[in-house]
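Chains A and B, in that order, are what the protein sequence lines are. Once you know that position 252 of the first sequence is 253 in my numbering, the rest is easy, because the numbers rise by one and skip nothing. Once you know that position 58 of the second sequence is 159 in my numbering, the rest is easy, because the numbers rise by one and skip nothing. Take a look at the structure set out below.
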Amino acid sequence: PHLRTFTDHFQTCKVQGAWPLIDNNYLNVQVTNTPVLPGSAATATSKLTIIFKNFQECVDQKVYQAEMDELPSAFADGSKNGGDKHGANSLKITEKVSGQHVEIQAKYIGTTIVVRQVGRYLTFAVRMPEEVVNAVEDRDSQGLYLCLRGCPLNQQIDFQAFRANAESPRRPAAASPSPVVPETFPYETAVAKCKEKLPVEDLYYQACVFDLLTTGDVNFTLAAYYALEDGKMLHSNKDKLHLFERTRELPGAVAAAA
Amino acid sequence: CKILKCNSEFWSATSSGSHAPASDDVPEFCAALRTYALCTRRTARTCRGDLAYHSAVHGIEDLMSQHNCSKDGPTSQPRVRTLPPAGDSQERSDSPEICHYEKSFHKHSAAPNYTHCGLFGD
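This is the structure in structure tokens:
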């Protein structure tokens with residue numbers, strides 16, 4: 002999936018299987034990603050588990066779990082708030098669109114989480130105070146934590162190499178971990194579809210094109226669109242909402258210059 | 102870490118928490134703050150890394166300064182508090198301030214910095 006980290010880095014990752022997204026003293030979020038096509042390196046989120054840890058007189062420990070075709074509007078124990086404690090309503094689940102869009106407000110840690118099912122797969126977005134992000138007992142012993150540290154290098158997919166490949170299908174594929182481009186979706190069609198929903202050619206737009214080319218599934222257009230919409234709602238600095246890829250000299254240009 | 106107990110006792114003692122007391126109630130409020138401070142000191146060691154503990158300590162200092170409370174003086178005894186009935190689905194108006202991040206953690210300092218993380222697509 003595509004990841005926008007707490008530090009506004011944008012990555013496209015493989016991260017197949019279960020990975021921690023967030024892990025601090027208050028909250029633990031884990032995602033499970035599965036390949037979108039047999040043999041493809043591109044994966045999408047099929048399961049999401051959020052654990053709100055027991056906190057003072059506010060909330061009991063609560064677990065939220067969403068899977069493909071199952072986006073509940075309640076915690077695993079059937080409740081919709083933080084339990085029986087005095088401040089239980091400082092944790093609340095709100096169903097925005099049945100089976101498609103859920104918002105979880107955790108006021109006691111100033112955190113908002115949005116979970117959606119778009120097409121078959123899940124999307125996740127969070128707004129969290131820096132203080133909470135950094136509230137960890139022992140930073141050194143903390144494992145990989147995608148929202149904070151991003152994906153490991155060996156799990157990242159080279160977006161630009163993939164795109165160059167897609168734009169010039171006759172050129173031999175670059176030696177990169179890019180997934181194979183299926184021949185079901187022409188590049189021009191993918192660009193047109195994504196432009197309709199995402200007029201700014203930022204990384205959300207690029208992600209959209211990538212997803213259409215790798216899967217042929219037009220639902221991913223909406224996934225990118227909603228990810229940007231969630232960013233609009235949750236990002237504190239509207240000037241940093243759109244992210245753009247850094248320019249890189251193509252090998253041909255380097256050769257010509259030489 | 103027993104900061105929860107300290108918070109509850111302070112809330113019980115004052116009823117209004119950290120809301121400004123009427124001028125007649127200031128001595129009683131100061132006494133409650135001194136008790137609260139004493140309680141936090143007792144639990145300081147085990148609460149060393151606890152965000153709520155540090156917020157409480159700063160909050161107490163600010164409130165003592167605002168109400169000109171002396172550090173030495175009488176302390177108060179906590180009052181018995183009546184909880185609202187279980188199953189109340191509405192927002193409880195007397196929900197502890199600690200359960201509202203923006204009110205409790207940053208009442209006396211600048212607005213918190215928020216960060217965003219998102220995961221989508223394939």
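Glycine is no exception: its CB is placed at the ideal position from the N, C-alpha and C atoms.
Within the segment 40-79 of chain A, the runs of beta strand (DSSP E) at least 3 residues long that lie entirely inside it are, in chain order, 44-53 and 63-68. Straight across, the Cα-Cα distance linking residue 159 of chain A with residue 34 of chain A is about 18 Å.
Straight across, the Cα-Cα distance linking residue 127 of chain B with residue 168 of chain B is about 7 Å.
Following the DSSP letters along the chain, one finds residue 201 of chain A in no alpha helix (DSSP H), marked with neither H nor E.
For a Cβ distance threshold of 7 Å, residue set 108, 109, 110, 111 and 130 of chain A lies close to residue 202 of chain B, ordered along the chain.
Boundaries of the beta strand (DSSP E) harbouring residue 218 of chain B: 215-221, taken from the DSSP string. Listed along the chain, the chain A residues whose CB falls inside 7 Å of the CB of residue 148 of chain B amount to none; the nearest CB is some 11 Å away. The segment 31-48 of chain A and the segment 187-198 of chain A do not touch, with fewer than three beta-carbon pairs separated by less than 8 Å.
Residue range 147-150 is occupied by the alpha helix (DSSP H) that includes residue 150 of chain A. Annotation: residue 20 of chain A to residue 29 of chain A spans about 11 Å, alpha carbon to alpha carbon. Proximity of residue 155 of chain B to chain A, defined by a Cβ-Cβ separation below 8 Å, is not satisfied. Taking 8 Å as the CB threshold, residue 169 of chain B stays off the interface with chain A. In chain order, 27 and 109 place their CB closer than 7 Å to the CB of residue 56 of chain A, counting only its own chain and leaving out the 5 sequence neighbours on each side. Residue 173 of chain B sits in coil when the DSSP states are folded into three classes, being neither helix nor strand. In the structure shown, residue 130 of chain A falls within a strand segment according to DSSP collapsed to helix, strand and coil.
Not flagged as an interface residue toward chain A: residue 161 of chain B, since no C-beta distance is shorter than 8 Å.
In terms of Cβ geometry, residue 138 of chain B and residue 177 of chain B do not form a close pair [threshold 8 Å]. In this structure, residue 245 of chain A places its C-beta atom within 8 Å of the C-beta atom of residue 203 of chain A.
Taking 8 Å as the threshold, the shortest C-beta distance from residue 109 of chain B to chain A falls below it.
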